[in-house]
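Step one of this worksheet: look at the structure below.
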Amino acid sequence: MKNCISKPINRVDAPAKISGKAKYIGDIHFENQLFAKTVRSARAKAKIVSIKTPTLPDDYYIIDKNDIPGINRMRTVVSDHPIFAEDEVNYIGQPILLVVGPEREKIYEIVSQIKIKYKDEAAIYNLEEAEVKKAVFTEYSYSKGEPKATFQHAERIIEDEYRTGRQEHIYLEPQGITGDYKDGCMYIYGSLQCPFYIEGAIQDVLGWDSDRIRIIQSTTGGAFGGKEEFPSLMACQVAVASIKTKRPVKMIYDRDEDIICSTKRHPSIVRYKAGLNKNNEVVALDIDIKFDAGAYSELSPVVLQRGMFSATGVYNFPNLKVRGRNFMTNNVPSGAFRGFGAPQTIFSTEMLMHNIAVKLGTNPLDYKIRHLLKRGYPTCTSGKIRDEVKLPEIIEKVEKMSWYRRKIGKHKKFKGVGLSLFLHGCGFTGKGEATIKGKIILKKNGDTVTLKVSSVEMGQGAETCLRKIVAHTLSLPMKKVICETIDTGLIPNSGPTVASRTIMIVGGLLRQASLELKDRWNDANEIEISKTYKHPDFLSWDDDKFEGDAYPTYSWGTNVAEIEIDPVTYEIDVKKITAVYDVGVPIDEKTLEGQIQGGIVQGIGWATIEVMNSPKGKLTQHNLTDYKIPTSMDVPEIECEFIENPYEFGPFGAKCAGELPFVGAPPAVAAAVSNAMSVPIRNIPITPEYLMELDKHED
Amino acid sequence: MKIEFVLNDKKQVIQVDPASRLLDILRDDFELTSVKEGCGEGECGACVVLMDDKAVNSCLIPVGNIEGRHIVTMESFRKTERYKVIEESFLEAGSVQCGFCTPGIVMSTESLLRENPKPGDNEIRDALSGNLCRCTGYNMIIKGVKLAATRGKGLW
Amino acid sequence: MVDGFRPADLQEALEFRARHPSIPIAGGTDLMVQKARGFGLKPDFNKPLLFIGHLRKLRQISVRDGNIHIGAGVLLSELIINDKISEALKMAVRQMASPPSRNLATIGGNICNASPAGDTLPYLYAVDAKLILKSVSSERIIHIGKFITDPKQNTLEHDELLTEIIIPNKIFNVSYYKKVGQRKGMSLTKASFQGLADIKNSNVLDIRIAFGSVAPIIVRSREIEASIIGKPVSEINAAVPEILKKYATLIRPIDDARSSAAYRKRVSLRLLEDFLSKLS
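Quick mapping for you: the protein sequence lines, in order, are chains A, B and C.
Numbering follows the numbering used here, with no gaps: position 203 of the first sequence is 206.
Numbering follows the numbering used here, with no gaps: position 16 of the second sequence is 524.
Numbering follows the numbering used here, with no gaps: position 256 of the third sequence is 1550.
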């Protein structure tokens, strides 16, 4: 029976959005506002020899590194990205200075008159070159069991290599931030995911305490990770500009600029050496993961970690060695993007398992089933799978819905079916949650309850779901439970809106607080309860050895993709995706379906049509004419179901869900293409150009 | 150039460089911020408005072309009965996530339903093919449009 | 300087054209993108705009002497619903851009833009469409292949306007069109193929073959077509390798942001092969 929390309700933020009343940052007029335009590096790697600027008319300003009172670096995991370039640039699009003023036309005229002289230096344009030049930002490794000895005694060794491409978020609302320095305080407004990340970044750049800094979110038109760390950079720039001009400074990117300079999903190469025993099971696996981090490291180390800890997928490989490296290239920096490193390694491992099975002449699903993780098994980092793994039920259900086995048995050229199995670690990696110690406040005032959190609504449905958790617990109507404005002056730091942690971690704290408030409801008219996250004692993690529980628990899923390929043009038509997930208990089935539908389509885009090349550090596809995301005509029928598996520490048993659907679609589609064409697929995006090359020998 | 046109049922006369984009005139001069800019090259559909009842990309229209035309944005369309049906249907079908594409999609929906009050699945997909959405994956929007067509029987 | 002019009728438009250097603009869907400079900024036109999209004379579709005359200002969305327009042209137009753009864009604009990826062009080349170019003092009718000379280049004189497109009266009973884009909805063309044929009593009475997006201008060869005309369909299969070989020398695509030269060439020839295989 379905849990009654899951019953869908209408989203609270939707009416204002449908009617066009919702105000995004570009829609908000600030009295006396100035506009800002960024002058960017035209070179992939160069020393700046000189910058010649024209005489500025009144009310026009140039803002650069010299205007920064504090540290000229954006605070993040590795604070290496300069707010404004100093004497060198490391990628095309790197910000050098701002031109600020009241009229956009005039600003553009000034920008066109600025002459920058560069002295070019040897640049690194891709992973292969970076490896040769040993340009490594970070390198990690971990192992389990006896990989070396097992390889020595393996019956068979299979080596293979997989590649995934760069991906751009294409949130429909381009990046935009306004900084307003007023009465000695800095107010930052904008489209953002992580208000307290920005607060920290501004502190560094201005050298101020947080009590003079307010970060206020405007309606955010999609993010997908793209507004995790990047808005900090823009916020620091406009903050400095606002102090210098003593006016609000607004910076809205247009699409080309946004694509050229914002972060991307890390391109990857993953190499495998698999040792098989006499039953042809993979008993030893060596995984070598390479990510193109771009010109600055920023939060790439954590992206790599998630990639490494997800690299074994849903499988138990008793002997394992995983090495991960982030390489420095002179490409636009890679950063956070839905799945955060996991989609790359899960794709690769799923395809490795698929391709080995096909090579052995086995049904890929049967082959995968022989390796599945179960409750009580060690995780890849020698932690423990503590909760029931309902993969058998998930597989049974998807089989009933899709007839996968029957369809794969009736193989026809140019028609294919493929299946993926996948998981996603819930919440932050390793000690992340224990470090952040998310805090929430619940405040009762009469018959109304206000929840104060820093988890933002950015399209995913956070506001509806968090309010629903509280309203449901307190048996209040939704309208009696409201969210405090996302304004760092009014809310506690419950952590950033990332890592599919909002429902499980922040929602979990709200659930605890609501239960407590329920007990005390009649004590007073006004009651305030605050809760701070406590990492469960049974979880252990060694950050040096990468040993222990990388995640408190996991969500699981399977996708079956059915595709057809045009025999003349090799265009892929994804016909249907059938999906089954265990996300614990859905907090709202409709909101969750929205995440699933959208995540799958974004995953199909990455797997098929989203091509973003960067030869010589310059993006070939830098507008929506050339970089294509799926349209309404490109999406398949998507059928999804859930298997309930309540998680003890999640609100109403909920686990993570936002990133999971993205992870599963690419390997399912790739497996289906492989099935249709009888060729192993090792790279995404699977373009018709790539397929034609693979199929060449057929003609 | 002097341009006379009807904007949200009100006659307007403006003196303007006729090469200016209708999108900028609507957002900057008339403060009609339901009209969004997502790409500026007719690819995303966030700026779609109605011109003589048909969906058009306002970023592609030089204002010299709107002489005598009737432009409608969400600011007036949201007062109609038909809008209410679309809003309810989109709410129920879960057609909205971040919302940035939504006003443009509502405009395309209105344009479609005026031409074809009983659209089939493929007709809806074609009608919305100029409106990019990165959040929903579209199927729940298609469902919303279908629901609106059924519920609003007789309104279009 | 005048920044633009909205003539009351075609005559006034031609008079303005004769007196001023100008950029004729109809729907604006190509020009506004080519001249765009960013959010909130005016597109950068270096000459006054001559607005012609509203001119009634350019908005008509009529049949004269059996030929179809399409006004240059007819919208793509109007072509799709007009019963005088052939299914073959409609098929190409339905796959162009998206409904909100098709409600603005005109057939004349697609021709004058002279992009090798212009999606009405393979059809218009294949049917030997002719264009009426008018000035105050003259009128000339030229074959579309003579009008477009290079990517983005046409032979429109500074005082002329494209007013009509003439589709000759000719029936083809086999029609094959394929646009290869990056995705199904709203996409620019990587490669396109238009095949038309008139088959009677198992003989090829006429055949037209045009390729889009695979050379600086649309590829069509009367010589190769002539070598097929008159053949019984039963002999086409045997001739396919030779036909492909001949076209292979004419198809000279490039690598760009949307596809590769190798793919474009190969897929074009495969489409041709597929078309030819459907004749017998």
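For glycine and all other residues, C-beta sits at the position ideal for the given N, C-alpha and C.
Please read all numbers here as calculations on a predicted model, not as lab measurements.
Neighbour flag for residue i against chain A, beta carbons, 8 angstroms
i	result
I533 of chain B	no
D634 of chain B	yes
S1574 of chain C	no
L1304 of chain C	no
Neighbour flag for residue i against chain C, beta carbons, 8 angstroms
i	result
V653 of chain B	no
V571 of chain A	yes
T623 of chain A	yes
V556 of chain B	yes
S635 of chain A	yes
D537 of chain B	no
V564 of chain B	yes
A527 of chain B	yes
L568 of chain B	yes
N630 of chain B	no
K631 of chain A	yes
Among the options, nearest to residue i - alpha-carbon criterion
i	options	result
E651 of chain A	A:D637, A:T556, A:K593	A:T556
N678 of chain A	A:P381, A:T365, A:R514, A:V509	A:T365
I684 of chain A	A:Y174, A:M354, A:I444, A:A277	A:M354
T690 of chain A	C:G1506, C:L1573, C:R1558, C:T1457	C:R1558
R43 of chain A	A:V335, A:N322, A:G344	A:V335
P1337 of chain C	C:F1466, C:E1381, C:T1323, C:R1477	C:T1323
I1319 of chain C	C:R1311, C:L1343, C:D1303	C:L1343
R1564 of chain C	A:V571, A:N333, A:N448, A:G23	A:V571
Exposed unless 16 or more other CB atoms sit within 10 angstroms - verdict on residue i
i	result
K40 of chain A	buried
Q1447 of chain C	exposed
K1428 of chain C	buried
R1516 of chain C	exposed
S541 of chain A	As written in the sequence, residue 541 of chain A is Phe, which differs from the Ser given in the question. It counts as exposed.
N525 of chain A	exposed
T617 of chain B	buried
L518 of chain A	exposed
R523 of chain A	exposed
P1547 of chain C	buried
P1419 of chain C	The identity of residue 1419 of chain C in the sequence shown is Tyr, whereas the question assumes Pro. Classification for Y1419 of chain C: buried.
G187 of chain A	exposed
E1602 of chain C	This structure gives no information on residue 1602 of chain C, because the portion of chain C shown stretches from 1295 to 1574.
D369 of chain A	exposed
Which of helix, strand or coil DSSP assigns to residue i
i	result
G587 of chain A	coil
W559 of chain A	strand
S1356 of chain C	strand
F227 of chain A	coil
L426 of chain A	strand
C641 of chain B	coil
E662 of chain A	coil
I28 of chain A	helix
T628 of chain A	coil
R169 of chain A	coil
K1336 of chain C	coil
F1487 of chain C	strand
Minimum Cβ-Cβ distance from residue i to chain B less than 8 angstroms
i	result
R1564 of chain C	no
A1556 of chain C	no
T628 of chain A	yes
D347 of chain A	It is Gln, not Asp, that sits at residue 347 of chain A in the sequence shown. For Q347 of chain A, the answer is no, since every Cβ of chain B falls outside 8 angstroms of its Cβ.
K482 of chain A	no
Supposed contact pair residue j and residue i - C-beta distance, whole angstroms, cut 8 angstroms
i	j	result
S1392 of chain C	S637 of chain B	5 angstroms
L130 of chain A	K293 of chain A	5 angstroms
I1401 of chain C	A1366 of chain C	7 angstroms
Contact with chain F by residue i, beta-carbon distance below 8 angstroms
i	result
G1334 of chain C	No chain F appears in this structure, whose protein chains are A, B and C.
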